[in-house]
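Reviewing the structure listed below.
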Amino acid sequence: MKNENPSDTQISDKYTREVITGIRTWVPGKLFSFTCTRPTGFRFTAGQFARLGVNNTLQLPNELDIVWRAYSMVSSPYDEHLEFFSIVVPDGAFTTHLNQLKVGDTIFVDKTNFGFLTTARFESGNDLWLLGSGTGLAPFISILHDPATWEQFQNIILVHSARTAEELVYQETIHGLNTHPMLLELVDNLPNRFQYIPVVTREVVAGTLGQRITSLLTDGQLLEKSGLKFSQEDSRFMICGNPDMVTDIRNTLKTMGFGPARRNKPGEIAVENYW
Ligand SMILES: Cc1cc2nc3c(=O)[nH]c(=O)nc-3n(C[C@H](O)[C@H](O)[C@H](O)COP(=O)(O)OP(=O)(O)OC[C@H]3O[C@@H](n4cnc5c(N)ncnc54)[C@H](O)[C@@H]3O)c2cc1C
Ligand SMILES: NC(=O)c1ccc[n+]([C@@H]2O[C@H](COP(=O)([O-])OP(=O)(O)OC[C@H]3O[C@@H](n4cnc5c(N)ncnc54)[C@H](OP(=O)(O)O)[C@@H]3O)[C@@H](O)[C@H]2O)c1
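Quick note: the sequence shown uses the numbering used here, first residue 1, plus one each step.
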């Protein structure tokens, strides 16, 4: 079959070589995003992740040794490029190398898409709560840009928890949802259906809530802020990021009567742990 993407080189049955096309540093040495060419035929559902590979020549200078890690797609299923949002882990085998890549450099992308943090997990529901910590925001940006999400849910509430204000990234993108041309064409009354609730836990920042999501759930602040109510009929929760946060929120929601959405067993919660 003809390869329609000149940058996309098939080098194995399992993965392709792609090219970095853009980099945005959010917090130097800690948080950045990048775009790359999209492998020909690479399809995914909003919320899924890819496996990315870097050739870690810094540590193994004479070998083609690829280090692989899971990365949620930030970009939407309909975007021509792929976009990812990354932390830099000090001495991390993958991210210390990834952080040094420049536009034009190579990144390997596994041909398979992975993951079940998708709205297909929910058979019903009216209000979709997207609860993320740190880089766990990534899949929610993709989900929010998918018109299908807005067809499935009436209200969508994005809660992003970060340690500091500078880590509340993708602000323009999030605030731009209400005027996004693709969504405006396809989604009725979107501005009244979307709420963004930023949370900053290690400094006091105007316009944000200041406690962990777990506390905001139990003390009623999230409900008060959103003007919504929790119910098994309406509420659905997606949780992504720090595994301790995922566990603690899941346990908190359990005490409120919510349970995991499993195959053959409908539920209200879908989660993804990042480490
Ligand atoms: C399904 C899935 C999706 C993921 N999607 C993303 C993503 O979109 N963006 C992203 O940056 N990472 C994501 N990760 C984490 C990513 O796969 C790597 O762990 C990360 O790139 C660090 O790699 P490393 O080799 O440098 O350090 P590792 O050796 O992999 O990790 C070392 C330590 O760093 C911390 N850590 C790892 N990842 C993160 C993180 N994202 N935020 C905060 N602390 C972290 C943990 O304490 C971990 O034990 C995802 C992980 C999974 C399982
Ligand atoms: N951010 C930094 O400056 C920094 C510096 C050095 C190392 N690191 C390393 O980077 C990694 C992650 O950093 P990060 O800032 O992206 O992510 P993080 O530690 O997961 O923090 C992101 C947000 O999640 C909240 N959170 C963490 N655990 C939670 C829980 N159990 N329940 C509810 N909310 C919870 C945090 O609140 P709290 O603030 O209350 O924890 C914060 O608001 C860590 O492994 C850390 O060792 C980060």
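Every residue gets a Cβ at the ideal spot worked out from N, C-alpha and C, and that includes glycine.
- Proximity of the beta carbon of GLY134 to ligand 2 is indicated: a heavy atom of the ligand is located closer than 7 Å.
- Sequence-distant Cβ neighbours of GLY210 in its own chain, meaning closer than 8 Å and more than five residues away, are VAL199, VAL200, THR201, VAL204.
- No heavy atom of ligand 2 is found nearer than 7 Å to the CB of GLY29.
- In this chain, the beta strand (DSSP E) harbouring GLY53 covers 49-55.
- Distance from the Cα of PHE116 is smallest, within the candidate group THR252, LEU253, CYS240, SER161, for CYS240.
- DSSP places THR95 in the uninterrupted alpha helix (DSSP H) bounded by 95-98.
- Around the Cβ of GLN48, a 10 Å sphere holds 16 or more other Cβ atoms; the residue is buried.
- Looking from the CA of GLN171, the closest CA among TRP26, ARG17, GLU18, LYS14 belongs to TRP26.
- Looking at GLU18, HIS160, THR37, ASP105, the one whose alpha-carbon comes closest to that of GLY207 is HIS160.
- Scanning the stretch 91-155 for uninterrupted beta strand (DSSP E) segments of 3 residues or longer gives 106-110, 127-133, listed from N- to C-terminal end.
- Boundaries for GLY210: no alpha helix (DSSP H) harbours it, and the DSSP string shows neither H nor E there.
- Here ILE197 really is in contact with ILE157; their C-beta atoms are around 6 Å apart, less than 8 Å.
- At a cut-off of 7 Å, the beta-carbon of GLU233 does not count as near ligand 1: no heavy atom of the ligand is closer than that.
- The criterion of a C-beta distance shorter than 8 Å is not satisfied by ILE269 and THR214.
- Per DSSP, the beta-bridge partners of LEU158 are LEU130, TYR196.
- Pairing ARG212 with ASN242, the inter-Cα distance amounts to about 12 Å.
- In the three-state reduction of the DSSP assignment, THR201 falls in the coil class, being assigned neither a helical nor a strand state.
- For the set GLY53, GLY22, PHE32, GLN154, the Cα lying nearest the Cα of ASN192 is the one of GLN154.
- In this structure, LEU131 is the residue among LEU52, LEU131, ASN113, ALA70 with its C-alpha nearest to the C-alpha of LEU222.
- Cβ atoms of LYS102 and PHE42 stay farther apart than 8 Å, at about 23 Å.
- In chain order, LEU223, MET256 place their CB closer than 7 Å to the CB of PHE230, counting only its own chain and leaving out the 5 sequence neighbours on each side.
- One Cα belongs to THR95, the other to PRO39, and the distance between them is close to 21 Å.
- Rounded to whole angstroms, the gap between the alpha carbons of THR45 and PRO77 is 6 Å.
- Of all alpha-carbon atoms in ASP219, GLY259, THR37, the one lying nearest the alpha-carbon of THR16 is that of THR37.
- If you look at HIS81, you'll find it in the beta strand (DSSP E) that goes 81-87.
- The beta carbon of TRP275 sits closer than 7 Å to at least one heavy atom of ligand 1.
- Put simply, the backbone Cα of THR173 is about 20 Å away from that of ARG163.
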